[in-house]
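As C-alpha cells, the structure follows; a few thoughts come after it.
4 protein chains.
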Amino acid sequence: MFSVRALKYRRNVTFLWKRTNAKNMTRKLNISGIYPPIATPFTEREEVDYQKLDENLQKYSKLPFKGLVVQGSNGEYPYLTVNERLEVVKRVRDILPNSKLLIAGSGCESTKATVQMTGGMAHAGADAVLVVTPCFYRGRMNSKALIHHYTKVADASPVPVVLYSVPANTGLELPVDAIVCLSQHPNIVGLKDSGGDITRIGLIIHKTRLEDFQVLAGSAGFLMAAYAVGAVGGVCALANVLGEEVCELERLCMLGDWEKARELQHRLIEPNTAVTRKYGVAALKQAMEWFGFHGGATRSPLQPLSQTELQQLHVDFSSNGWL
Amino acid sequence: MFSVRALKYRRNVTFLWKRTNAKNMTRKLNISGIYPPIATPFTEREEVDYQKLDENLQKYSKLPFKGLVVQGSNGEYPYLTVNERLEVVKRVRDILPNSKLLIAGSGCESTKATVQMTGGMAHAGADAVLVVTPCFYRGRMNSKALIHHYTKVADASPVPVVLYSVPANTGLELPVDAIVCLSQHPNIVGLKDSGGDITRIGLIIHKTRLEDFQVLAGSAGFLMAAYAVGAVGGVCALANVLGEEVCELERLCMLGDWEKARELQHRLIEPNTAVTRKYGVAALKQAMEWFGFHGGATRSPLQPLSQTELQQLHVDFSSNGWL
Amino acid sequence: MFSVRALKYRRNVTFLWKRTNAKNMTRKLNISGIYPPIATPFTEREEVDYQKLDENLQKYSKLPFKGLVVQGSNGEYPYLTVNERLEVVKRVRDILPNSKLLIAGSGCESTKATVQMTGGMAHAGADAVLVVTPCFYRGRMNSKALIHHYTKVADASPVPVVLYSVPANTGLELPVDAIVCLSQHPNIVGLKDSGGDITRIGLIIHKTRLEDFQVLAGSAGFLMAAYAVGAVGGVCALANVLGEEVCELERLCMLGDWEKARELQHRLIEPNTAVTRKYGVAALKQAMEWFGFHGGATRSPLQPLSQTELQQLHVDFSSNGWL
Amino acid sequence: MFSVRALKYRRNVTFLWKRTNAKNMTRKLNISGIYPPIATPFTEREEVDYQKLDENLQKYSKLPFKGLVVQGSNGEYPYLTVNERLEVVKRVRDILPNSKLLIAGSGCESTKATVQMTGGMAHAGADAVLVVTPCFYRGRMNSKALIHHYTKVADASPVPVVLYSVPANTGLELPVDAIVCLSQHPNIVGLKDSGGDITRIGLIIHKTRLEDFQVLAGSAGFLMAAYAVGAVGGVCALANVLGEEVCELERLCMLGDWEKARELQHRLIEPNTAVTRKYGVAALKQAMEWFGFHGGATRSPLQPLSQTELQQLHVDFSSNGWL
C-alpha cells in the first residue's frame with residue numbers, strides 16, 4: 004500500500020520540479036550555515052562602542068561561521084537610529100573577511116522605510132538583508148498585507164532578502180501561506196524562523212520544496228531538530244557566546260552523527276534559553292563577557308540583570324558543563 | 004458592620020490625603036474631556052496630505068472636544084519619519100485654537116529616542132505628550148524597566164506626560180504597580196488605557212486616589228463604564244467620525260443621566276469596534292469619509308478594506324442608526 | 004444631526020419591540036439580584052461536610068441575596084461526583100427559604116450528560132440551571148456547536164437555563180452571536196458573564212434588548228460597571244465573604260447613587276481579585292473563615308495557600324478597610 | 004576548548020549515573036514504540052458502538068504498533084461516563100493480543116476520582132495509565148499542585164503511570180520542573196507530550212537522562228524531530244488512519260535513514276494537522292472511513308465537518324499523495 008502511494012506522489016513532484024527548474028535559471032544565494040546575530044556593544048553612556056565591536060569581530064572572523072547577522076533582535080536594532088544602523092553595518096563590512104556573508108536587518112514598520120533602509124544596507128555592504136515582519140498593527144498584518152510588504156521590498160532591494168518571523172518579539176507569525184507565496188519571488192532566498200514550532204518548520208520546507216528556498220533556525224534550542232526536518236543553518240544568539248560549539252553541532256548534523264549531535268544539542272538548550280527568551284539581550288551580553296567577548300550594557304529601557312537572574316544565568320551555563 | 008469598617012477606612016484615607024496635599028502644592032494639568040486621536044491623511048503616493056489635515060482640523064475645532072491627540076495609534080505614527088512626526092504636530096498647533104489641548108504621541112522604543120522626541124514635540128507646540136510603552140523586547144519590559152523609562156522621560160520632558168497602555172498593539176499592559184509608582188511623579192499627569200479591562204481601570208483609579216492622577220478611557224466602547232468607575236475623559240478613535248455623539252455621551256455621564264447615557268453607549272459599541280480592533284485604521288479612515296471628513300488611504304503595509312469588510316463596516320454603522 | 008439619527012433609529016426599535024412582545028406572551032423568570040456562588044465545605048478527609056454547609060446556609064439566608072448559585076466554579080463542581088453534585092443541591096434546597104432562588108450548575112462536557120444532570124438538578128429542587136460552556140475540545144467549540152448544545156439542553160430542561168461564560172477556567176468565551184441567537188429561546192433566561200470585558204457585556208445587552216434576556220456580572224470586580232451598562236445583577240464569589248457589602252453596592256447602583264457606589268466598588272476590587280483570579284478557591288475559603296463562615300480545605304489537586312499568599316490575601320482585605 | 008569542557012561535564016554525569024543505577028534496581032516498563040490513540044465509534048444515537056470498535060481493533064492488531072492508547076483526547080473520553088470508560092477498556096483488552104500494550108487514559112479533574120479511575124482501568128486490563136493534567140482551575144495548577152496530584156495517583160496505581168501534557172485541550176503545560184521531579188517516582192515511566200515544543204522536549208529528555216524516563220511524541224507532526232532529540236515513540240492520532248506509514252517513519256528514524264524519514268515526515272504534517280488541531284476528532288473519524296476503518300459520528304457537542312471543511316480535509320490528504 005505504502006509504495007504505490009509514494010510512487011504516484013513522486014511522479015507529481017518530478018513533474019513540478021522540471022517546470023520549476025525551467026523557470027528559475029539561476030540558483031539563489033546560498034545562505035546555509037551558522038550565523039551569530041551579533042550584539043551591539045555600548046559605552047557606559049549608551050553610545051555605540053565601535054572599538055569593542057571591532058574586537059568582537061576580530062574574534063568572530065576566526066570561527067567557522069558562514070557569516071554574521073547584523074541587527075537581528077539581539078543587536079538592539081529598534082534602539083538604534085537610522086544612522087547608527089547603517090554605520091554599524093559599514094563597520095562590520097570593513098572588518099569582516101569578504102569570504103563571510105553579512106546579512107543586515109533592514110526591517111522597519113512601514114514599507115517605505117523598509118525599502119529605504121534596505122537600499123542603505125546594501126550600499127553599506129550587506130550581502131543580503133533580513134526583514135522582520137512589521138507588527139505594530141498586528142491585527143491587520145494578515146497574509147495579504149505581508150505579501151504586499153515583502154514583495155515591494157524584494158522588488159526594490161539590490162540584494163537578496165531573507166524573511167524573518169520572530170513571534171516572541173513581534174507577537175506575530177509570518178503565515179505559512181504567505182511564505183509559500185513569497186518563496187517564489189526571485190529575490191527572496193529564505194526564512195529565519197525564530198518561533199521554534201518544528202511542525203511548522205517542516206511544513207514550510209515541504210511546501211517550498213520546488214523553490215530554491217532556504218530555512219534557517221532562529222535559535223540554537225531547536226537547531227538539531229531543524230536540521231533533521233531540512234533546515235540548512237541557523238542564526239543563533241548563543242553563537243555569540245559558544246560559537247565553536249554551535250558550529251560543531253552543525254557539523255555533526257551535516258555528518259549525520261545524530262548520537263553525538265543529540266548530546267551536544269541537549270547541553271545547549273538551557274544556556275540558549277537563558278540568553279534569549281528567559282533573560283534576553285542583557286543575559287547574552289553578560290555571557291559574552293564570561294567567554295571572552297565584549298558584551299557590556301544594554302540601551303534603556305532594557306535593564307541589567309538582577310543578582311538572582313545573574314546567578315541563575317551562571318547555573319544555566321555551569322550545570323551543562325560550560326562554566 | 005459595614006459602617007464601622009467604612010469609618011475606620013475613611014480615617015486612614017483622610018490622613019493620607021492631607022499629607023499628600025501638603026506635598027503637591029500645585030495641581031497638575033487638567034486633561035479631563037474627550038479627544039479624537041486624529042488620523043494622518045495621505046496622498047495617493049503616501050505622502051502626508053497637509054491640505055486635508057488642515058480641513059479636518061477646521062471641522063474638529065468646532066466640536067466640543069477638550070483637545071486633540073496627535074499620533075496616537077490611529078495616527079499611523081510608527082509609519083512616519085521623525086521629521087514627519089514633528090511636522091504634523093507643528094501643523095496641528097498652527098490650526099488648533101489655543102483653548103484646545105494638543106497632546107502629542109512621543110513614544111519610541113529607546114528611552115534616549117523618546118526623550119529626544121518628547122523635547123521635539125514640546126518645541127513643536129504640544130501641551131503634553133502621550134508616551135506609549137516600548138514593547139519590542141516585551142519579555143523584559145517589567146515594572147522596573149518601565150518605571151525607569153517613564154521616569155527618565157518625565158524628568159526630561161518640558162511638558163506633562165501621559166502614560167499610554169495599548170496591549171492590542173504592543174502586546175504589553177503597563178502593570179498597575181508601575182502606574183501607581185509613576186503617578187507620584189510631578190510631571191506625570193495621567194494614563195490613557197486602551198486595554199478596556201474595567202476592573203483594572205477601577206483599581207488604578209482607586210490606588211492613585213491620593214495623587215492628582217487622571218485616567219482617560221482609550222476607546223469609546225467602554226467610555227461610559229470608565230466614567231462610572233471614575234475616569235475623567237476619553238481618547239476615542241470613534242470621535243474622529245462621531246465626535247458630537249461621543250461628546251454627548253460624556254455630557255450625559257457628567258450629568259448622571261445614566262439611562263440616556265446607556266442607550267447612546269450601546270449604539271456606539273459596534274461602530275467603535277469596527278474602526279478599531281475589528282478593521283483598524285483603514286476602517287476609521289473610510290468611516291471618516293462617510294461622515295464628511297478626509298480619511299483617505301493608509302500607508303503600507305496597512306491595506307484597504309476588502310469589499311466584504313467594507314460592507315460589514317457599513318452595517319456596523321447603519322444597524323445602530325448612524326447611516 | 005444627532006437627533007434625527009436617533010429618531011430614525013428609535014422608530015425601528017419600536018417596531019421590533021411590538022413584534023417581539025406579541026411573540027413572547029409570558030415574561031421569563033426574573034433572575035435580577037445578587038447571588039453568592041457558594042463554596043462546598045469539605046472535611047479533613049475531603050468528604051463533603053454537610054453540617055458546615057448547613058451552617059453557612061443559615062447565615063446566607065439572612066442576607067439580602069436574591070438567591071444562591073450552587074456549583075458555579077467556586078463550588079469545585081468538577082471535583083464532585085454526579086451523586087455529590089445532586090446531593091448538595093438537595094441539601095441547599097432543604098435549608099434555603101422558598102423565597103430565595105436556587106440556581107444550580109449543571110454543565111458537563113457532553114450534551115447528553117448535561118441534559119441528564121439538568122433534569123437531576125431540577126428534580127433536586129433547582130429553580131434554574133447555570134450551564135457552563137463545554138470546553139475540552141475548545142478548538143471546535145464554535146458558535147454552531149455551542150448553539151446546538153444549549154438548544155438541546157434548554158429544550159429538555161424542566162427549569163429555565165442561564166448561559167455561563169467563564170474564560171479564565173474554560174479558555175473559551177461564548178461568542179456574542181451565539182448568545183444573541185440563544186437569547187430567543189423561550190427557556191433561556193440570561194447569561195452569567197465572568198470574562199469581565201465590559202464592552203462585550205454592553206454589546207450583549209444591546210443586541211438582546213428586544214428579548215427578555217438578563218445579564219449577570221460574574222464577578223464583583225466589575226459589578227458597578229456592569230450595572231452601568233445594563234446588567235441586572237451579579238453572581239459574585241466575594242459575596243460568600245462580604246455579602247452585605249456586595250448587596251449594598253447593588254442597592255447604590257439601583258438608586259443611582261454613583262458617587263457612593265464608586266467608592267464602595269473601588270474597595271471591593273482587590274479583595275475580589277484575591278479570592279478569584281489571583282489565588283482562587285483556597286483563598287475564598289480562607290477569607291470565609293475570617294468573616295465567620297465555614298470555608299475549610301479544598302479538594303486535591305487544589306492546594307492550600309502558601310504563607311506568602313496568605314499574607315498577601317490578608318493585605319488585600321486589610322488595605323481596603325475590611326480587616 | 005570544546006573537548007575539555009565536555010570531559011569535565013561527562014565526569015559529573017558518570018558519577019550521577021552510578022548513584023542512580025544503584026537506587027533503581029529494576030528497569031521500568033518499556034513503552035517505546037508507536038500507539039494510535041483510538042477513536043470511540045458511536046451509533047447514530049450516540050451510543051458506544053462495540054461492534055465497530057471490535058472491527059477496528061482486529062485491523063489495528065495486524066499493524067506493527069507497540070500497543071494502543073485508549074481514551075486519549077481522540078477517544079472523546081470527557082464525553083464518556085465512568086462506566087463507559089471502563090467498559091471500552093475491557094473490550095479492547097479482550098480483543099487486543101497480549102503482546103500489545105494497552106495504555107488507558109484515567110485522568111479526571113480531582114485527585115480522588117483519578118485514583119479511583121486508575122484502579123478501575125488497571126482492573127479492566129490496562130498495562131499502564133495515561134494521566135492528563137487536571138485543568139479546570141488552571142490558574143492554580145502550578146508545579147506544587149501537579150506534583151502532589153501525580154504522586155498520589157502514582158503511589159496508588161497498580162500499574163505504571165504515563166504523564167500527559169496536552170495544552171491545546173487543557174490550556175496548561177505540565178512544567179518541566181514538575182516532570183523532572185516526577186520522573187524519579189518508581190511508578191512513573193514517561194510522558195506523552197502533545198504540545199510539540201521541540202526545545203522543551205529536548206530539555207525534558209536531557210534533564211531526566213539519569214532516570215529511566217521515556218518521552219513519547221503526542222503527535223505525528225513532530226515525530227521525526229522528537230526521535231532526533233531522543234524520544235522513544237509516539238502516540239499519534241494519525242496512526243488511526245495511516246498506521247503503517249507512521250510505523251514506517253518510526254522504522255526509518257530508528258535505522259537512522261534521515262533522508263527518507265524526512266521525506267515521509269513532510270508528507271504526514273498536513274494530514275496530521277487536519278485530523279488534530281485544525282478540524283479535530285470529527286476529521287479523524289472521517290479520515291478513518293476513507294482508509295477502511297470505522298469512524299462514524301462524534302458525540303455532541305462535537306459537530307460533523309462542514310462541506311468546506313470536508314473538502315479541505317480531503318485536499319490535505321490528497322495533495323500529499325495519500326488519497
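As they're listed, the protein sequences go chains A, B, C and D.
Using this note's numbering, the first residue of the first sequence is number 4, and each one after it goes up by one.
Using this note's numbering, the first residue of the second sequence is number 4, and each one after it goes up by one.
Using this note's numbering, the first residue of the third sequence is number 4, and each one after it goes up by one.
Using this note's numbering, the first residue of the fourth sequence is number 4, and each one after it goes up by one.
Cβ atoms here follow ideal geometry from the backbone N, Cα and C, with glycine treated the same way.
Values in this document were obtained by computation on a predicted structure and should not be read as measured data.
{"query": "Within 10 angstroms of the Cβ of proline 304/C, are there 16 or more other Cβ atoms? Answer buried if so, exposed if not.", "result": "buried"}
{"query": "Below 8 angstroms between beta carbons: does that hold for leucine 252/B and glycine 236/B?", "result": "no"}
{"query": "Is the segment 184 to 191 of chain C in contact with the segment 189 to 208 of chain B, if contact means three or more CB pairs nearer than 8 angstroms?", "result": "no"}
{"query": "So what does glycine 236/C bridge to, in DSSP terms?", "result": "Gly36/C, Leu219/C"}
{"query": "Out of Lys62/C, Lys210/C, Phe225/C, Leu166/C, which one is the CA nearest neighbour of arginine 265/C?", "result": "Phe225/C"}
{"query": "Thinking isoleucine 208/D and leucine 185/D are a contact (beta carbons under 8 angstroms), I'd like their distance in whole angstroms, please.", "result": "Contact flag wrong, Cβ pair sits at about 14 angstroms."}
{"query": "Quick one: grab the DSSP three-state call for glycine 283/B.", "result": "helix"}
{"query": "Can you look up aspartate 319/B in the DSSP assignment and give me helix, strand or coil?", "result": "helix"}
{"query": "Where do the ends of the alpha helix (DSSP H) carrying tyrosine 153/A lie?", "result": "146 to 159"}
{"query": "Would you kindly report the start and end of the unbroken beta strand (DSSP E) that includes tyrosine 167/B?", "result": "164 to 168"}
{"query": "Please confirm whether threonine 114/D has its beta-carbon closer than 8 angstroms to some beta-carbon of chain C.", "result": "yes"}
{"query": "Measure the beta-carbon distance from aspartate 130/A to leucine 89/A and round it to whole angstroms, keeping in mind my assumption that it falls under 8 angstroms.", "result": "At roughly 15 angstroms, the Cβ-Cβ gap does not stay under 8 angstroms, so aspartate 130/A and leucine 89/A are not in contact."}
{"query": "Just curious, the alpha helix (DSSP H) that lysine 195/C is in, first and last residue?", "result": "Run containing lysine 195/C: none in the alpha helix (DSSP H); it sits in the beta strand (DSSP E), 191 to 196."}
{"query": "Along the segment 303 to 317 of chain C, what residues have a CB closer than 7 angstroms to any CB found in chain D?", "result": "Ser303, Pro304, Leu305, Gln306"}
{"query": "Can you tell me where the alpha helix (DSSP H) holding leucine 252/D begins and where it ends?", "result": "246 to 258"}
{"query": "Can you tell which of Asn275/B, Ile272/B, Leu194/B, Ala228/B has the C-alpha that lies nearest to the C-alpha of cysteine 256/B?", "result": "Ala228/B"}
{"query": "Using the beta-carbon of each residue, which ones in chain B are nearer than 7 angstroms to valine 232/C?", "result": "Met227, Ala228, Arg265, Gln268"}
{"query": "Between proline 40/A and valine 72/A, is the Cβ-Cβ spacing less than 8 angstroms?", "result": "yes"}
{"query": "Which residues mark the beginning and the end of the beta strand (DSSP E) in which alanine 181/A is found?", "result": "Note, alanine 181/A: premise wrong, no beta strand (DSSP E); alpha helix (DSSP H) at 179 to 185."}
{"query": "Determine whether the Cβ of tryptophan 293/A lies closer than 8 angstroms to any Cβ atom of chain D.", "result": "no"}
{"query": "Please look up how many angstroms separate the CB atoms of leucine 133/B and isoleucine 106/B, rounded, as I've assumed it's under 8 angstroms.", "result": "5 angstroms"}
{"query": "Quick one, which residues of the segment 28 to 56 of chain C are near chain D if we go by CB-CB under 7 angstroms, in chain order?", "result": "Glu49"}
{"query": "Leaving out five residues on either side along the sequence, give the residues of the same chain with a beta carbon under 8 angstroms from the beta carbon of aspartate 180/B.", "result": "Ser146"}
{"query": "Apart from the five residues on each side of it in sequence, which residues of its chain come closer than 7 angstroms, Cβ to Cβ, to threonine 279/C?", "result": "Ser222, Ala240"}
{"query": "What separation, rounded to the nearest whole angstrom, lies between the Cα atoms of valine 244/D and methionine 291/D?", "result": "5 angstroms"}
{"query": "Keeping to the same chain, check which residues put their C-beta closer than 6 angstroms to that of proline 307/B; ignore five residues upstream and five downstream.", "result": "Ala285"}
{"query": "Please confirm whether lysine 93/A and valine 118/A have their CB atoms less than 8 angstroms apart.", "result": "no"}
{"query": "Determine the DSSP secondary structure at aspartate 97/C, reduced to helix, strand or coil.", "result": "helix"}
{"query": "What residue range does the alpha helix (DSSP H) around leucine 308/B cover?", "result": "Taken as a continuous stretch (DSSP letters only), leucine 308/B belongs to no alpha helix (DSSP H), as it is neither H nor E."}
{"query": "So that I know if they touch, is there some Cβ in chain C lying closer than 8 angstroms to that of glycine 142/D?", "result": "yes"}
{"query": "Could you confirm whether any beta carbon from chain A is found closer than 8 angstroms to the beta carbon of tyrosine 167/B?", "result": "no"}
{"query": "Could you give the residue range of the alpha helix (DSSP H) that holds glycine 108/A?", "result": "No alpha helix (DSSP H) contains glycine 108/A, which is instead part of the beta strand (DSSP E) from 104 to 108."}
{"query": "Do glutamine 289/A and glycine 298/A count as a contact pair if the criterion is CB distance below 8 angstroms?", "result": "yes"}
{"query": "Does the Cβ of methionine 4/B have 16 or more other Cβ atoms within 10 Å, making it buried, or fewer, making it exposed?", "result": "The predicted position of methionine 4/B is uncertain, since its pLDDT is 37 and thus under 50; a value taken from the coordinates is nonetheless stated next. Exposed: under 16 other Cβ atoms inside 10 Å."}
{"query": "Tell me the residue span of the beta strand (DSSP E) that contains leucine 133/B.", "result": "131 to 135"}
{"query": "Tyrosine 140/C to serine 197/A, Cα distance in whole Å?", "result": "28 angstroms"}
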